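Notes follow the structure.
Number of protein chains: 2
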Amino acid sequence: MSVGHGVRELGVICFAVLLCSSEASAQEQQPGLSLMPWPASVQTGSGSLRIDSSFSVALSGHSEARLDRAVQRFLRQLTRETGLQLSAKTSSKATLTIHTDHGNKEIQELGEDESYTLEIGAEGAKIDAATPLGSMHGLQTFLQLVEVSPDGFAAPAVKIQDKPRFPWRGMMIDVSRHFIPLEILRRNLDGMEAVKMNVFHWHLSENQGFRVESKKFPKLHTLGSDGLYYTQDEIRDLIAYVRDRGIRVVPEFDMPGHSTAWFVGHPELASGPGPYEIERKWGVFDPAMDPTNEKTYKFLDEFVGEMTKLFPDHYFHIGGDEVNGKQWDANAKIQEFKKSHGLKDNEALQAYFSQRLQKIVTKHGKAVVGWDEVLIPGVPKDIVIQSWRGQASLAKAAAQGYHGILSNGYYLDLGWPVARHYAVDPMSGAAANLTPEQQHLILGGESCMWTEYVNPENIDSRIWPRNAAIAERLWSPQNVTDAASMYTRLHSVGTELEWLGLTHRTYYPQMLRRIAGPNASPEELAVLRTLADVVEPVKDYTREATASAEPTSATPLNRLVDAVPLESETARRFGQLVDRFVTSSCHDADAEARLRAQLTAWRDNDAKLQLLVRRSFLVKEVAASSQDLSALGGVGLAALDFIHKGGAAPDDWKTQQLAAIEQIKQPKTQLLLMPAPAVQRLVEAVARGGSCSASKP
Amino acid sequence: MSVGHGVRELGVICFAVLLCSSEASAQEQQPGLSLMPWPASVQTGSGSLRIDSSFSVALSGHSEARLDRAVQRFLRQLTRETGLQLSAKTSSKATLTIHTDHGNKEIQELGEDESYTLEIGAEGAKIDAATPLGSMHGLQTFLQLVEVSPDGFAAPAVKIQDKPRFPWRGMMIDVSRHFIPLEILRRNLDGMEAVKMNVFHWHLSENQGFRVESKKFPKLHTLGSDGLYYTQDEIRDLIAYVRDRGIRVVPEFDMPGHSTAWFVGHPELASGPGPYEIERKWGVFDPAMDPTNEKTYKFLDEFVGEMTKLFPDHYFHIGGDEVNGKQWDANAKIQEFKKSHGLKDNEALQAYFSQRLQKIVTKHGKAVVGWDEVLIPGVPKDIVIQSWRGQASLAKAAAQGYHGILSNGYYLDLGWPVARHYAVDPMSGAAANLTPEQQHLILGGESCMWTEYVNPENIDSRIWPRNAAIAERLWSPQNVTDAASMYTRLHSVGTELEWLGLTHRTYYPQMLRRIAGPNASPEELAVLRTLADVVEPVKDYTREATASAEPTSATPLNRLVDAVPLESETARRFGQLVDRFVTSSCHDADAEARLRAQLTAWRDNDAKLQLLVRRSFLVKEVAASSQDLSALGGVGLAALDFIHKGGAAPDDWKTQQLAAIEQIKQPKTQLLLMPAPAVQRLVEAVARGGSCSASKP
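These protein sequence lines are chains A and B, in that order. Take 96 as the starting number for the first sequence in the working numbering and just add one per residue. Take 96 as the starting number for the second sequence in the working numbering and just add one per residue.
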C-alpha cells in the first residue's frame, strides 16, 4: 500500500491514498478504531491529523446557536480527552470545518435527517451534514477517533458516511422507584449523545412516586413524591438541554395501573376506596384508575392538557402495562358498568379506558405511545407500541399496521451480559418475516433502566458502557454483530464516557471501600476486589425471590450485590482463556501459566479476606461466596495438574468436582460466582483423556 | 476490663465502664479511631452506638438556620458513608442531640469559641458546644467515628473534649496561575470543614490573572483574566457557603508586585511604560505598581473600598512579596522620588508603599495581612504577618509584638512527603524561645496551594488527603506527632473526603487512561500503573529547571508527572519493608518473600510496557524511568540472593550497583524513582556480611 497524506485544497479533503471500503463487518478489519456505534460506511486512509493546542473549529452554512454550543461542548470534551488547552475561538483556517445545510424542525421530530459525512486527512477534517443533528453526530464520531500516538494526539485519516438504521433510538429511565436527580440525568444524557441515541423516555410516575410538579393538581407531586420531584422550570431546562444534544423527550405517565402515588393526593381517581400511601415495595399492585367514572376522564383531560404543554414532543407515553384487575373485580359499580357496556372482561375494560385516554391525548395534539397492552382493536394508526413482551408482539403490531419499538431484550436492570443485549435485533424473530412495508413500521427500540435496585450512586454503572452496545444495535448496519469487536470497542467508549463525568467506573472502588470500612488497608481492599471482580448480581427478576427480607424503597443499596458491575470482565476473560486452553488440546503453556496464576490467587484469597469478614457485616454476608471462590480455585488447579501430567482423573474425582461446582453455581446472598462454568469446562477437559493427554511441551 | 454499655438517662450519657484517659499521643493507643485532627482529649468506653435507618438528630439551645443546614449536610454525608437512607426529620428522642449555648458573631472573627464535647454511648450521642462553630466541629468528629462493624454501622463509645490549639488554621488557594472554578473550590471547602480548618485564604490576583469582578474598575477583570473570574454575586454566594462551614474568607490582592494582570487594563498603575499582557510564564517578574504616584493610591483607595465591602472578614491580605525592583530602578521619576523622600533603597520604597496601603485598608475598617516583606518599622500592631520565609521570620515578628501565621513548611505544591509537613510546628525553632506572651502572638498557620502545575483536574490530589495532616498540626495538641499513626489515619480520612466529592483518588486512573490511550487494555493499564505507583514529581522548585521547554500557563498538564500522586504509597511501604528486613538481620522470610515478589514485578515490568511505549508519546517520554525501575528490580533481587545465600558480594559488585542506583536517583522527565534509596539500603545490607550472613531459617 502506498503511503500518502491527505491534502486539503479549497475546503475539500483529498485522499491521495488507497481507501479501503469496508461496509460489512468493518470493525473486524479495523481494530484500531474505537467507534461505537459503528458507522454505516468507513473508509480508512493513511496518515493522521495531529491534534494539538492549535486545534480549531469553524462552522459554515446554516447557522444557529445550538451549533455553536455543540462546538463548545465538543472542545470541552476534546480538552478532557487530551488535556490540551484548546481555544474556543474559531477561524476560517480551522482544523475542523463543519458545513450544515439547513436547520431542523423547531421541535425535533421522528425521522429527521441525521446523516453526516466526516473526512479526516493529515491537513484537516471536514464534517458535512444536512442538518445540525448530523453535524452533532459527526462531532461525536470525531471525538471517538481521537487517539494517542507516538507523536502526540491524533485522529486517523478516514472517510465516514453515516446515517442511522432506525429513527427511534431511545433509553428509558425510571425516576419513580428511585428518584434520579437532574444532575445525574444530565450526565446520562451526555452519554446518550455520545452514542447517538435520540430519545429520552422519562418514566415519571409509578406506584412509588409521582415526579412532576403539576400546577393544576399540586397534590399529585406534593403528596405523591416524598418531596422528590422535578419542577416545571427544571423540566423545561432539561428539555432545552436535551434538544441541544439532538435528543427528544418522551414523557410517560403510566395509567391506569402503576399509579398508587397519584391516589395519595387524589383517591377519587382510584377504583378502590383508599386511603392510599406511596408504595414502598416492588412488584405489581392492585390500585388502578377507575375507568368507569367520568370524573377520571375530566381529571385526565386537564392533566394531559397541562403536561402536553410542558412536554413539546409529538409523542406522549400513557404506559398501560400490568393492570392486575383486582380493584376492578372488587368494585360492584365497575362490575355493573362492564355488564351495561358489554365489556366481557378486564382486558376489554382496559381497552375502553385506553380508547378514552387516547382520544384525550389526540385532542391535545399528541400521538400516543404505550406498552404492548394498549394495542387494542380500533386504536388509531399513529400510536406507537413499545414492546416489553418481545419481537413477536412487535411483529404482530406491525402486521396490523402499527408502529412499534422494541424494549424486550434491552432491559438494563436484568443484568444480562452485554453480548446478549447486543444479539437482540428488532428485525429478527417474527419481524424477519414481515413485508418491507411492515418492517418499515418498526421504528427502533429503547433500552430500559428500571430502578428497583438502582439509585443515584450506582445508576451510571447499570447503564454504561453497556448501553452503548444497544445504541450500536439501533444505529449500525444489521450485519455489525461481532461480539468480540463490540467488547473491545466498549472498553474504549467506557473511557470516553468517563470524561463526560459518568461515574460507571469510579463508583466501584468507592463502594468497596464503604463495604470494607474506612480503616481497611489497601491490601485488604485488593483482596475484597479479587472477590468482587468475579461475582455478579443474580439475573432477571430473581433478586426479590432471593432476598432475606422483603426489599423496599428504603432498603440500603450498599451491599456487594449493589456494588459490583453487572458483568464480570475478569470472569469473561478467564472463560476465554479456558476455552483457548482446552480447544488447543491443552498444550498451551502460556495459557496454562496464566490460568494457574489466576486460580492460585482465587484459592488463596479467602484466607486473606478473613480479617475483613470478622470486621464488616457487609463482607461477612458474602463469606460463602469467598469460600466458594477458594474452592473453585482449588478445583481448577487440580484439574490443571491432571491435564499437565497427562493422566486421566479417577472417575469419582470428576463426579465430585462437578457436583461441587453445581453447588457453587447456586446464588448466594444474591451473587453468582461467574468463573464456575469455565472451571467446569476445565474439569470436563480432564476427563476427555485423549485430547488433553500430552504433558507440557 | 468489664464490659458495659452506656445508658442514656434524662439526656445525659452515663458511661458504666472504665474510661481510658489518653491526652498525650493518644492516637497510638487507639488505632481503631480514624480521627483527624486528633482531639484535645479522647476517653474511650466500650460498646458502640448502632447506626441504622432510624438514626436521627435533634438540636436544642441556641437556634439558627445555619445549624439546621449543618445537620442536613451531616445527614447527607452520613448517608454517603453508610449507604443508609436517613430521614431528615428530627425528633425529641433523637439518636444524636446537639446543644448549642449561644450564637457566633455575625461575621466570624478570629478566636471565637470553637470547643465542643462529644459523648457517644450505646443508647445515644450528645454534642455540647458554646457556639455553632463547636457544634459543627462535633458533627465532623462524629462522622469520622462512624465505622463498619460485624453487626452494622456503628460509632464507638467515646467521650471527647476538644478545642483547637491555634485559632487560625487556613488554606490558601492560588486561583490566578490556573483558574479554579467555584464548584471545585466548594468541594475543597467541604474538605476543610471536615478537618476543622477555619480560614480560606483566596489568592485572587497575580501576574497571570485578576480573578474578581470589579464594578468600579471593570478593566481589571475583563482585560486581566481571559474571561476567567468570579462575579461579585458568585463571591457573595461562596462567602455564605463558607460561613455555613465555620470558615472565614480572607481575600488577597497581591501588591505592589505580582500584579501584571492589573496593568493590562490599567497600565497607569505600573512603574514601567507598558503596554502589558497577561503573563503566561512562571517566576518573579518586573512589573510593579508605581508607589510614587498619588493616582496609584487614589485608585487603590477606591478599589480597596469596593473589595472590603464585598469581603466581610476583618482581615484583608495585601500580598507584598517578591518585588524585584527592576521597574523602579529603570524609572527616573521613581529614582528622584526616592531621593527626595530619603528612601535609601527599594526596600524602603516598598515600606513607603506598604504604609500608604495599610492606611487605606485601615481607613476601610480592616486589618492587614501580608507576607513577611510587609513587616516594616512602624507598621500598626494589628497586622498579621504570613511567613513564607520560615519560623525565624515569624519569631522575629512576634518578638516585635506582631501577630503571625506560618506557611513556610506547608507549601503543598513542593511535593514533600506528608510526614515532612507534619513535622513542621509553628512553635518550633526560634519560636520555641519566645516568651509565653510572644508565643501567643503566633496565631497558627496556612497551607498553600500554588498552582503553576495544578489545574482543576489534579488540584484535589495535590491538596488531599495531605492537607489533613497540616490541619492536625494546627488543631491538635503539640505532642500529637506520631507519623505512623498519622499515615494510618490519613488513609481513612482520604476515604471520608472521597464521599464529599473530592477527586483525589479517582483522577489518577483516569489520567493514566488518557496517557495510555482509550484503546489500552486493562493489562496494559496495570503495567503503566506499576510504574506510575513508584514515581513522584521532582520536588521543591526544580520543575522549571528540569523542563525540556519553558512551561507556561498553556502547557498541558497531561503527563505522568501531572498524574501521579505527590507521595508514592507503594514506595513508602516498600521502604518500610526493606527496613524491617535489614534490621531483623535479614532472617525475615515473610519480608523476603514479599520483597522478592515486588522486585520481580518491577524487574519484569519494562518489557510489558513496550507496546504502550511504542504507541503513546506520553508513555514514550517516561521510557527511561521504566528501564530504571526494571534495573532497580534486578539489583534488588541480586542483593536478596546474596543475602539469602549468606555470602558477601564481590567488592566491585557493590560499587557498581551503588553507582547504578545513584544514576537511577537522577530525575528523568521530571520524575523521581522513589524505591531507589530502599534498594540502596538492601545493597548496603549485603556488604555488611555478618549481620546478613545466615541463610533462610
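In this text, a Cβ means the ideal position worked out from N, Cα and C, and glycines have one as well. No experiment lies behind these values; they were computed from the predicted model shown.
- When DSSP states are grouped into helix, strand and coil, Asp440(B) belongs to the coil group.
- When the five nearest sequence neighbours on each side are left out, the beta carbons in the same chain lying within less than 8 Å of the beta carbon of Asp257(B) are those of Pro134, Ala135, Ser136, Ser210, Tyr211, Thr212, Leu213, His232, Gly233 and Thr236, in order along the chain.
- About 17 Å separates the CB atoms of Val673(B) and Glu631(B); that is not less than 8 Å, and the two are not in contact.
- In the DSSP annotation of this structure, Arg260(A) is not part of any alpha helix (DSSP H), being labelled neither H nor E.
- With a beta-carbon spacing of about 11 Å, Val337(A) and Leu277(A) fall beyond the 8 Å limit used to define contacts.
- Ala733(B) and Thr764(B) have their C-alpha atoms roughly 27 Å apart.
- Val344(B) and Lys749(B) have their C-alpha atoms spaced approximately 56 Å apart.
- Secondary structure at Ala220(B): strand, using DSSP grouped into helix, strand and coil.
- Between Gly415(B) and Val469(B), the CB-CB gap stays under 8 Å.
- Counting of Cβ neighbours within 10 angstroms places Ala335(A) among the exposed residues, the total staying below 16.
- Gln172(A) has a beta carbon lying at 8 Å or more from every beta carbon in chain B.
- At a cut-off of 3 residues, the continuous stretches assigned as beta strand (DSSP E) that sit fully inside the segment 696-778 of chain B are 766-768.
- In this structure the segment 344-360 of chain A touches the segment 286-304 of chain A; the number of beta carbon pairs closer than 8 Å is three or more.
- Excluding sequence positions up to five before and after Phe169(B), its CB lies within less than 6 Å of the CB of Leu234, all in the same chain and listed in chain order.
- Short of 8 Å from the beta carbon of Ala702(B), and not among the five residues preceding or following it, lie these beta carbons of its own chain, in chain order: Ser725.
- For Pro370(B), the closest C-alpha among the options Gln534(B), Ile455(B), His361(B) and Leu191(B) is that of His361(B).
- Here Asp269(A) is bridged, per DSSP, to His298(A).
- At a cut-off of 8 Å between beta carbons, Ser711(B) contacts chain A.
- Listed in chain order, the positions of the segment 240-265 of chain A with a beta carbon within less than 9 Å of a beta carbon of chain B are Val241, Glu242, Val243, Ser244, Pro245, Asp246, Gly247 and Phe248.
- Taking the Cα of Thr598(B) as reference, the smallest distance to any Cα among Pro251(B), Asn550(B) and Gln481(B) is reached at Asn550(B).
- In the three-state DSSP reduction, Ile480(B) falls in the strand class (E or B).
- For the segment 587-605 of chain A, the residues whose beta carbon sits under 9 Å from a beta carbon of chain B are, in order, Ser587, Val588, Gly589, Thr590, Glu591, Glu593, Trp594, Thr598, Arg600, Thr601, Pro604 and Gln605.
- With contacts defined as CB atoms closer than 8 Å, Val290(B) and Ala563(B) qualify as a contacting pair.
- For Ala649(B), at least one C-beta of chain A is nearer than 8 Å to its own C-beta.
- With a threshold of 8 Å between beta carbons, Leu585(A) makes no contact with chain B.
- Here the alpha carbons of Asp349(A) and His273(A) stand approximately 16 Å from one another.
- Straight-line measurement puts the Cα of Met606(B) at about 18 Å from the Cα of Gln605(A).
- Under the three-state reduction of DSSP output, Ser143(A) falls in the strand class.
- Taking C-beta atoms as the reference points, Trp357(B) and Phe305(B) count as a pair closer than 8 Å.
- Comparing C-alpha distances from Gly352(A) to each of Ser182(A), Glu374(A) and Ala427(A) shows the shortest one belongs to Glu374(A).
- Remark: C-beta atoms of Met292(A) and Gly265(A) approach each other more closely than 8 Å.
- Our two residues, Ala719(A) and Leu704(A), have alpha carbons roughly 11 Å apart in a direct line.
- Boundaries of the beta strand (DSSP E) around Phe411(A): Tyr410 to Gly414.
- Contacts with chain B (Cβ-Cβ distance below 7 Å) from the segment 541-556 of chain A involve no residue at all.
- Residue-level contact check: Asn653(B) touches chain A, since one or more beta carbons of chain A fall below 8 Å from its beta carbon.
- Residue contact with chain B for Asn441(A): absent (no Cβ-Cβ distance below 8 Å to any residue of chain B).
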